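Trainee: Take this structure, written in structure tokens, and hold onto it; I'll ask about it next.
Number of protein chains: 2
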Amino acid sequence: MNQNLSEKVIKRLTLYHFILLECEQSGLEYVSSPRIAELLNIDNSQVRKDIKMVNNVGKCKIGYEVKKLRRSIEETLGFKKPKNAFIIGAGNIGTALIKYEDLKDYGLNILALFDNNPLKIGMMINSKEVFHFSELPNLVQKLGVDIAILTVPKEVAQNCADMLVEAGIKYIWNFTPRVLKVKKNVRVWNENLIGNFLQFVAEDKVVDDDRD
Amino acid sequence: MNQNLSEKVIKRLTLYHFILLECEQSGLEYVSSPRIAELLNIDNSQVRKDIKMVNNVGKCKIGYEVKKLRRSIEETLGFKKPKNAFIIGAGNIGTALIKYEDLKDYGLNILALFDNNPLKIGMMINSKEVFHFSELPNLVQKLGVDIAILTVPKEVAQNCADMLVEAGIKYIWNFTPRVLKVKKNVRVWNENLIGNFLQFVAEDKVVDDDRD
């Protein structure tokens, strides 16, 4: 990325990208900011502000050029530069992620899965092989992978994280409901589905203006 | 929830809850804010501020009572009040979610799945039945369910969303990479795994202070 974007801006730009792809599929050449705002139930001024950040200016009364805006967002978010990753845990979530083709379109290139269940070793899931954990250090080195997607049971999450760090992994996308202790130079992104669910069903309206 | 909490506070409180559960399992009675801060790689003052919001005060040099703080967070986030939901799409993500037992512990009670594949209808996944889409309106009414978790292919996401709204669903937890058009009185929570991934691998440090 060529600039510092906040988490919320990145999330919104991704949603704009979903909308632009759909516009292109429907043969639309232009889309207006009020239309995008309406679809996402957010302010028009917010949409315009975000899009200004990716250096795109709409035409008065016509809107944004769909293809051009899509490419600007792709460039800004850098998601056409593929990143290689391993999935740790060939269970339900691991399998769901490896079959989730859209992640690939957005630059996540999953090379293999790892598990310790002998019945799973050697299996192919969506054309990707399941290896035994013990092969991890070797394959991290050989393929230069530094992203691991952790989908193991929470009871073994910390042990696995230790092994990942030991093997040279620098980024852990953590799908387990467990906080991981890692060295300072390793980044953990907690997917936190549970936190998302709790936000979603919060009875009171979630405050949008988060200043901390 | 008894107060307006920002998205970020809810997410952090959920992570504190993960840590507290682990403390309890290890037999720890007290935990300090610097310890929590260290595990999450955030500021100690942030932890103290968040915990103050759930009406808990630590003891000088000892820290917070683990069990008491855990209960306060549970009360604040209201996640012991179970919420019934249906999963729409008995594919990989739907199956992964229904087998994800931790969601249940945090109050998400999935009653059934829906699909249109004749081979799947009548199947039991984790003791939950897969019904045909056509049974949705009837079961929404009968069981009073207002949350749907949408995990269908993106090509049919909008059609499914229309059917859900028609059937009386009020909350859609959207796992598809598609922005959904719904009536004003229906809430959509975009899970946006792709946006999360893009944030995570952002080369520059994501700005933490998000004021929009």
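One line per chain: the protein sequences are A and B, in this order.
Heads up, the first sequence is in our numbering, so the first residue is 1 and it goes up one at a time.
Heads up, the second sequence is in our numbering, so the first residue is 1001 and it goes up one at a time.
Note that the Cβ used here is the ideal one computed from N, Cα and C, for glycine as well.
A quick note: this is a predicted structure, and the numbers were derived from the prediction, not measured.
1. Counting only C-beta atoms, is Ile194(A) closer than 8 Å to chain B at any point?
2. In chain A, which residues lie less than 9 Å from Asp1102(B) when you measure between Cβ atoms?
3. I want to see whether chain B comes within less than 8 Å of Lys83(A), judged by CB atoms only; does it?
4. What do you reckon, are the CB atoms on Cys160(A) and Ile88(A) nearer than 8 Å?
5. For the segment 13-33 of chain A, which residues have a beta carbon sitting closer than 9 Å to at least one beta carbon of chain B?
6. Would you kindly work out how many angstroms separate the C-alpha atoms of Leu97(A) and Ile1093(B), rounded to a whole number?
7. What's the C-alpha gap between Glu155(A) and Phe175(A)?
8. For Phe1086(B), name the three-state secondary structure that DSSP assigns.
9. Is Lys128(A) helix, strand or coil by DSSP?
10. Whole angstroms are fine: how far does the CA of Asn1190(B) sit from the CA of Lys205(A)?
11. Over the uninterrupted alpha helix (DSSP H) stretch that includes Val66(A), give me the two end residues.
12. Which residue from Val1009(B), Gly1122(B) and Lys1181(B) puts its Cα closest to that of Ala1157(B)?
13. Comparing alpha-carbon positions, which option in Leu15(A), Asn117(A), Leu108(A) and Asp115(A) lies nearest Lys83(A)?
14. Compile a chain-ordered list of the residues in the segment 1138-1168 of chain B whose CB is closer than 8 Å to at least one CB of chain A.
15. Could you list which residues in chain A have their beta carbon closer than 7 Å to that of Leu1113(B), in chain order?
16. Please check the pair Ala112(A) and Phe133(A), which I expect to be a contact at CB under 8 Å, by giving their CB distance rounded to whole angstroms.
17. Among the candidates Arg178(A), Lys183(A) and Arg48(A), whose CA atom is the shortest distance from the CA of Lys170(A)?
18. Measuring only between beta-carbons, confirm whether Asn1190(B) sits less than 8 Å from chain A.
19. Is it true that the CB of Lys1128(B) sits closer than 8 Å to the CB of Ile1110(B)?
20. Specify, as a first and last residue, the run of the alpha helix (DSSP H) that Phe200(A) falls within.
21. Throw me the rounded Cβ distance for the Leu198(A) and Tyr1106(B) pair, which I believe falls under 8 Å.
22. What's the call for Ile51(A), buried or exposed, on a 16-neighbour Cβ count within 10 Å?
23. Using a cut-off of 9 Å between C-beta atoms, extract the partners of Asn87(A) located in chain B.
24. Let me know the secondary structure DSSP gives Ile1019(B) once reduced to three states.
25. Strictly by DSSP, which residues pair up with Asp115(A)?
Mentor: Taking the structure as given:
1. Using a Cβ-Cβ cut-off of 8 Å, Ile194(A) counts as an interface residue toward chain B, since at least one Cβ of chain B sits closer than that to its own.
2. Chain-order list of chain A residues neighbouring Asp1102(B): Lys154, Thr176, Pro177, Leu193 and Ile194, by C-beta distance under 9 Å.
3. Taking CB atoms only, Lys83(A) has a neighbour in chain B less than 8 Å away.
4. Contact: yes.
5. Those would be Leu13, Thr14, Leu15, Tyr16, His17, Phe18, Ile19, Leu21 and Glu22, in chain order.
6. Straight-line spacing of the CA atoms in Leu97(A) and Ile1093(B) works out to 8 Å.
7. When the Cα atoms are used, Glu155(A) and Phe175(A) turn out to be separated by approximately 13 Å.
8. Of the three classes helix, strand and coil, the one that applies to Phe1086(B) here is strand, per DSSP.
9. Lys128(A): strand per DSSP, three-state reduction.
10. Residue placement at Lys205(A) is flagged as unreliable, the pLDDT there being 42, under the threshold of 50; a coordinate-derived value is accordingly withheld.
11. Val66 to Leu77 is the extent of the alpha helix (DSSP H) around Val66(A).
12. For the residues Val1009(B), Gly1122(B) and Lys1181(B), the minimum Cα distance to Ala1157(B) belongs to Lys1181(B).
13. Per the Cα distances, Leu108(A).
14. Residues passing the 8 Å Cβ filter: Ile1147 and Lys1154.
15. Result: empty, since nearest Cβ-Cβ is about 13 Å, beyond 7 Å.
16. Contact between Ala112(A) and Phe133(A) does not hold, since the beta-carbon distance rounds to 12 Å and is not under 8 Å.
17. Of the listed residues, the one whose Cα sits closest to Lys170(A) is Lys183(A).
18. Closer than 8 Å: yes.
19. Going by C-beta atoms, Ile1110(B) is nearer than 8 Å to Lys1128(B).
20. Counting along the chain, the alpha helix (DSSP H) containing Phe200(A) begins and ends at Leu193 to Phe200.
21. Contact holds; Cβ gap of about 7 Å.
22. With 16 or more other Cβ atoms within 10 Å, it is buried.
23. The sequence as given places Ile at residue 87(A); Asn does not occur at that position. Within chain B, no residue comes near Ile87(A); the closest Cβ sits about 12 Å away, beyond 9 Å.
24. Helix, per DSSP.
25. Answer by DSSP bridge pairing, in chain order: His132(A).
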